[in-house]
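Engineer:
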Amino acid sequence: MTVQSKTMSVQIREGRLRTTPSFLGKIIGSVRYGDRVAVLEEKSSWLLVSPPDADRGWIHQSALTVKKIVLRPGEEDVRKAATTDEIALAGKGFNRQVEDEFRSRHPSLDYTGLDRMEAFQVSQPEVWVFLKEGKLEPGGGDR
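So the sequence shown is numbered by my numbering: it starts at 25 and just counts up by one.
#1: Apart from the five residues just before and just after residue 30, which ones in its own chain have a Cβ nearer than 6 Å to its Cβ?
#2: Considering only C-alpha positions, which residue in the set 124, 91, 34 and 92 is nearest to residue 73?
#3: With C-beta atoms as the reference, is residue 48 less than 8 Å away from residue 155?
#4: Just reading off the alpha helix (DSSP H) that residue 161 is part of, what are its end residues?
#5: Would you tell me roughly how many angstroms separate the C-alpha atoms of residue 88 and residue 130, rounded to the nearest one?
#6: Would you list, in sequence order, the uninterrupted beta strand (DSSP E) runs of no fewer than 3 residues that lie entirely inside the stretch 33-87?
#7: Please state the DSSP three-state secondary structure of residue 92.
#8: Quick check on the burial criterion: 16 or more other C-beta atoms within 10 angstroms. Buried or exposed for residue 61?
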C-alpha cells in the first residue's frame, strides 16, 4: 500500500531501519529520537521510510509518531526518552514504576533469572547465523 506524502517523527531513542518489513530483516541504518522521516509505503504494521540523511528502510510503526518532536535531544534528554521496550510494555500497562511496585509487594521473589534474560542481547550476525543454520526464512509484514 502506498502512503500519500506523510511525515512522522521517531519517538524512541534509536530505531533500526531494515531491508524487509520484519524484526528479522537485515539492519541497514538507524534513525534517532526526534528525526523526521517521510513514509513511502505501509505494509501491515511496518512502514518504509526515507530519512533526510540516510537510505530508506523499513521500521515498525510503534517507533514513530505523527506528532512533530521539536526537541533536539542532548545526552540527558535521550536518556529520558522511552525505549522501544518501554513503549511496548507501557502499551500493555507495564512500565518501570509498575515493576518497582510489584517488586516491593513481592520482596521474596527471585528476579535473578528475569534480570539475566533482560540483559541478554543477540547481535545481528548471530541472528543471521541462527536463521541460516535453522534454514529459516525471515517473514515479511504480511504475516
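Glycine included, C-beta positions come from ideal geometry on N, C-alpha and C.
Structural biologist: Taking the coordinates as given:
#1: 63
#2: 34
#3: yes
#4: Careful: residue 161 lies outside any alpha helix (DSSP H) and carries neither H nor E.
#5: 35 Å
#6: 38-42, 51-56, 60-67, 70-74 and 81-84
#7: coil
#8: buried
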